[in-house]
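Working notes, structure below.
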Amino acid sequence: MTFARPGWGREARRRGENVAMGTERIPYLLGYHEIARLFQVARDAPLQWRKRSLLQEPDCVISGSPYWLLPTVFALSKPGYREIDLQRLDDYKAGIPGGYVTHDTDQMPPLIGIQEVSWIFGKSSSAIGQWRNRGTLPRPDLTLSGSPLWRLETILADAERRDRSVSQTVIARIRAGERAQPSRRRLPSPHAGEQEIVPAARTFTSAEYPAATSFLESVLAAGHAVEIRPHPFNLPSPKQDISPLD
30 MTFARPGWGR EARRRGENVA MGTERIPYLL GYHEIARLFQ VARDAPLQWR
80 KRSLLQEPDC VISGSPYWLL PTVFALSKPG YREIDLQRLD DYKAGIPGGY
130 VTHDTDQMPP LIGIQEVSWI FGKSSSAIGQ WRNRGTLPRP DLTLSGSPLW
180 RLETILADAE RRDRSVSQTV IARIRAGERA QPSRRRLPSP HAGEQEIVPA
230 ARTFTSAEYP AATSFLESVL AAGHAVEIRP HPFNLPSPKQ DISPLD
């Protein structure tokens, strides 16, 4: 692995190469937590949607964490039971100044997380975490689902300012799209029984319409399918079973 000596950025500028200062705009990008907030569901609901292929594979993976572009998230919306809260959408957009909508990750500036930063400096992830705790890393350009993200150029400009050596080989790999991937452990099957908790079936009468509606909405919002089985019952009003399906 080849590391450039301090001052590499100044030399690059003298040669006429482009050394940006982290000013590229970042598109609207979301992790699991941001998706859950937009749809007002439990924080683990988007993971369940992904297991059921309701949420497609991530548009990008950074430091092992999956992220989706806003149009991909919009595709999850289903009128009547899985809808985006417009106020929360506005709040989310306000958190990414200069953000924009794109369908193409090729238009994104190179974004990196702790693991890619550790590659650049030839350090461990824990060492980079200590730098951050001591305030010797720049503030993240973006924080998604609790994970800090930087533009590649933000980290490189800061490295030059602090006279830190960087690996040009790693930088080239990152610019080519290489990122730390999640572990090879496969997502659990949605039919794996004990790996997924499905709400118990419930029975409602016609007089319990509000409760039945609330239960149905919560089950659908969690990504489950539902089977409704009307049947006669020895009560003044008929009953219906609402059963979530695996």
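Residue numbers (this note's numbering): 30 to 275. By construction, the Cβ of each residue, glycine as well, lies at the ideal position given by its N, Cα and C atoms.
Boundaries of the alpha helix (DSSP H) in which V154 is found, first to last residue: According to the sequence shown, residue 154 is Ser rather than Val. Unbroken alpha helix (DSSP H) run through S154: S154 to N162.
Classification of P56 by the beta-carbon crowding that lies within 10 angstroms, buried from 16 upward: buried
Sequence ranges, beta strand (DSSP E) only - wholly within the stretch 120-206, length at least 3: 171-173 and 176-180
P211 versus G164 - alpha carbon distance: 27 angstroms
Residue from D192, F103, E182 and P75 with nearest C-alpha to H132: F103
Limits of the alpha helix (DSSP H) - the one that P54 falls within: Correcting the residue identity first, residue 54 is Arg in this sequence and not Pro. Careful: R54 lies outside any alpha helix (DSSP H) and carries neither H nor E.
Proximity winner among H260, A254, R208 and E207, relative to F233 (alpha-carbon distances): Nearest option by C-alpha distance: H260.
K107 - partner residues in DSSP beta bridges: R111
Segment limits, alpha helix (DSSP H) that includes P211: P211 -> no alpha helix (DSSP H), and no H or E assigned at all.
Cβ pair I277, S92 closer than 8 angstroms: Because residue 277 is not part of the residues shown, which for the chain are 30 to 275, the question remains open.
Assigned exposure category for L58 - 16 Cβ within 10 Å defines buried: buried
Option nearest V70 by Cα separation, candidates P100, Y110 and G175: Y110
The stretch 142-158 contacting the stretch 64-84, beta-carbon criterion three pairs below 8 angstroms: no
For S82, the three-state DSSP class (helix, strand or coil): It is coil, neither helix nor strand.
In DSSP terms, what F68 is bridged to: Looking at the DSSP output, F68 sits in no beta bridge, so it has no partner there.
Start and end residues, beta strand (DSSP E) containing P95: Element bounds for P95: S94 to L98.
Supposed close pair G128, R54 - CB separation, criterion 8 angstroms: 7 angstroms
Residues near D187 in its chain [Cβ-Cβ closer than 6 angstroms; skip 5 each side]: Cβ neighbours of D187 beyond the five flanking positions: P167.
Minimum C-alpha distance to I64 - residue among Y96, W179 and Q159: Y96
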